[in-house]
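A.B. asks:
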């Protein structure tokens, strides 16, 4: 009896509740199909993503991954030096440092206060940190850094004139940078020497060691500076580099590929914060320093040429400047080449020529009364116009008159006419000439420097008198075709090939249109142009 009752109870317990009716078969099929479809769709999306990442764009994502995982540091090559013919250094490169700070991390510069406020969006309380500049601390730190920057050696702080304009400008620049307490990067100084850098680092270290003084976050980055120990010496030859250390003008530009060398690299794994992991797995590709350049310029000869130009310009007031060249007569090597006025290679963008300074001063924007406007009041258009004038004057200052400028050679070319005739045998030391003060050629009367004429004269006398009619007759004895061929042979119709940028080529008549009148004027150096280096090479 008990057994029967138990069976009934179990049966009752196994009976399905009326509310839990079986899911229809059709619904189950649709549900299964949808589930399988979703799984297949998800699988397709994953497979497509994997294909895209690993195969289609695998190279790109690998590069992205390498960029994130690897720290690639450039090892800058040292630029080669430039020497004169005797081994004297005319241009060199030194290691210098850029000093920068992180004001936002420098707790010594500000006071922090936590403020609790209500978030308008959520109504909840939020906390924020407000920084207030500590003017006294910022001023004290600015003063110490300024003293070291202006000392030159990081030690002679007491010799710095704190009343000078240089001190005031440097102090204001440093203070302005340090006071930007929400900034994480501010440059304090560029290209300071190692002694100054170490002095600043020692000051920061000592100050940070003082308990309760706060943290001062300063750092330095190594860079290079091109030095020209003799300032304006051979400026038109050497040229200079730009802010990135690349050749910008002169031989620095012409031989930039040779002087610059090839930068190296250090590749190492880095952590999530971007710092190198010291695991010994770094790969270094050493930099190849630039080759040095040895010139044919002799600094002693160059010195006397430059000094001679200065004296000549001071005496005769050559408004368009002057140039001087000394060339080895056997090889054609340039022993000296100079232009006047010149400029300081260590500060090439400053205008030094008084005449150019006047033009620059005239370009300064004026107010309604005709007075110079302060630079901070210039409009964008006025600034652009001034910068354009400054750029033009800088290019004019940097020009090498010996290479970039052309002129009529005048009587200096008569020796070429004489050499042609002597070579061709059309004149000799027994030749004589008569000069009445002028000579008419194809209907044109061409005068001599001496209006009364030189009369009867020998070849030697005609040359000494620099007699135009005599040299016209010497040119006629050579003939138009032969004379023209000699001009080409002398290199007066082509660039000399000197390795300085922007070499000009003079103007002259075509051979097909070279007339007897051209021959007459060319024979004493007029109606065609050359560069000074072309003429001297001839």
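Residue numbers (this note's numbering): 33 to 570.
For glycine and all other residues, C-beta sits at the position ideal for the given N, C-alpha and C.
(1) Verify whether the separation of the beta carbon atoms of residue 557 and residue 445 is less than 8 Å.
(2) In three-state terms, what does DSSP make of residue 218?
(3) Please name the residue in 227, 201, 328, 246 whose C-alpha comes closest to that of residue 121.
(4) Buried or exposed for residue 380, please, with buried defined as at least 16 other CB atoms from any protein chain shown within 10 angstroms of its CB.
(5) Quick one: which unbroken beta strand (DSSP E) runs of 3-plus residues sit fully inside the segment 231-308? Chain order, please.
(6) Consult DSSP for residue 353 and reduce its assignment to one of helix, strand or coil.
(7) Mark residue 476 as exposed unless 16 or more other C-beta atoms lie within 10 angstroms of its C-beta, in which case mark it buried.
(8) Less than 8 Å between C-beta atoms, sequence neighbours within five positions excluded: which residues of the same chain meet that for residue 199?
(9) Taking its Cβ as the centre, do 16 or more other Cβ atoms sit within 10 Å of residue 457, making it buried, or is it exposed?
(10) Which residue marks the beginning of the beta strand (DSSP E) containing residue 180, and which one marks its end?
(11) Give the DSSP-derived three-state secondary structure of residue 460 in the structure shown.
(12) Would you mind giving the Cβ-Cβ distance between residue 169 and residue 140, rounded to the nearest angstrom? I have them listed as a contact below 8 Å.
(13) Relative to the alpha-carbon of residue 501, which residue among 479, 255, 525, 233 has its alpha-carbon at the smallest distance?
(14) Report the three-state DSSP secondary structure of residue 375 (helix, strand or coil).
(15) By the three-class DSSP mapping on this structure, what secondary structure does residue 433 have?
(16) Per the DSSP calculation, residue 465 is bridged to which residue(s)?
(17) When you compare only the Cα positions, how much space is there between residue 254 and residue 351?
(18) Out of 550, 515, 424, 494, which has the shortest C-alpha to C-alpha gap to residue 473?
(19) Considering only DSSP beta bridges, list what residue 142 is partnered with.
(20) Straight-line CA distance for residue 312 to residue 297?
(21) Shortest alpha-carbon distance to residue 528 belongs to which of 115, 365, 156?
(22) Where does residue 552 land, buried or exposed, given buried means 16+ other C-beta within 10 angstroms?
(23) Taking the beta carbon of residue 126 as the centre, do at least 16 other beta carbons fall within 10 Å, making it buried, or is it exposed?
(24) Tell me, to the nearest whole angstrom, how far the beta carbon of residue 163 is from that of residue 142; I am working on the premise that it is less than 8 Å.
(25) With a CB to CB cut of under 7 Å and the five nearest residues on each side skipped, what residues in its chain are close to residue 503?
(26) When we look at the beta-carbon of residue 496 and count the other beta-carbons within 10 Å, is it buried (16 or more) or exposed?
(27) Residue 370 by DSSP, collapsed to three states: which one?
(28) Comparing C-alpha positions only, which one of 326, 67, 207, 372 sits nearest to residue 117?
(29) Pull up the CB-CB distance for residue 249 and residue 134, whole angstroms please, since I reckon it's below 8 Å.
(30) Based on DSSP bridge pairs, tell me the residues matched to residue 476.
(31) Give the straight-line distance between the Cα atoms of residue 355 and residue 441, rounded to the nearest whole angstrom.
(32) Starting from residue 123, follow its DSSP beta bridges and name the residues at the other end.
(33) Locate the alpha helix (DSSP H) running through residue 565, then write down its first and last residues.
C.D. replies: The structure says:
(1) yes
(2) DSSP places residue 218 in strand when its eight states are reduced to three.
(3) Selected option, being the one with the closest Cα: 328.
(4) Residue 380 should be labelled buried.
(5) Runs of the beta strand (DSSP E) inside the segment 231-308: 250-259, 296-301.
(6) coil
(7) exposed
(8) 178, 182, 192, 193
(9) exposed
(10) First-last for residue 180: 167-183, but that is the alpha helix (DSSP H), not the beta strand (DSSP E).
(11) When DSSP states are grouped into helix, strand and coil, residue 460 belongs to the coil group.
(12) 6 Å
(13) Checked all of 479, 255, 525, 233; the closest Cα to residue 501 is 479.
(14) coil
(15) helix
(16) According to DSSP, which records beta bridges pairwise, residue 465 is partnered with 489.
(17) When rounded, the distance between both Cα atoms is 44 Å.
(18) 550
(19) BP columns for residue 142 point to 165.
(20) Reliability fails at residue 312, whose pLDDT of 49 lies under 50, so the model's placement of it is uncertain and no value is given.
(21) When 115, 365, 156 are compared, the shortest CA-CA separation from residue 528 is found for 365.
(22) buried
(23) Per the 10 Å Cβ criterion, exposed.
(24) 4 Å
(25) 446, 449, 555, 556
(26) exposed
(27) strand
(28) 326
(29) 4 Å
(30) 473
(31) 13 Å
(32) 114
(33) 564-569
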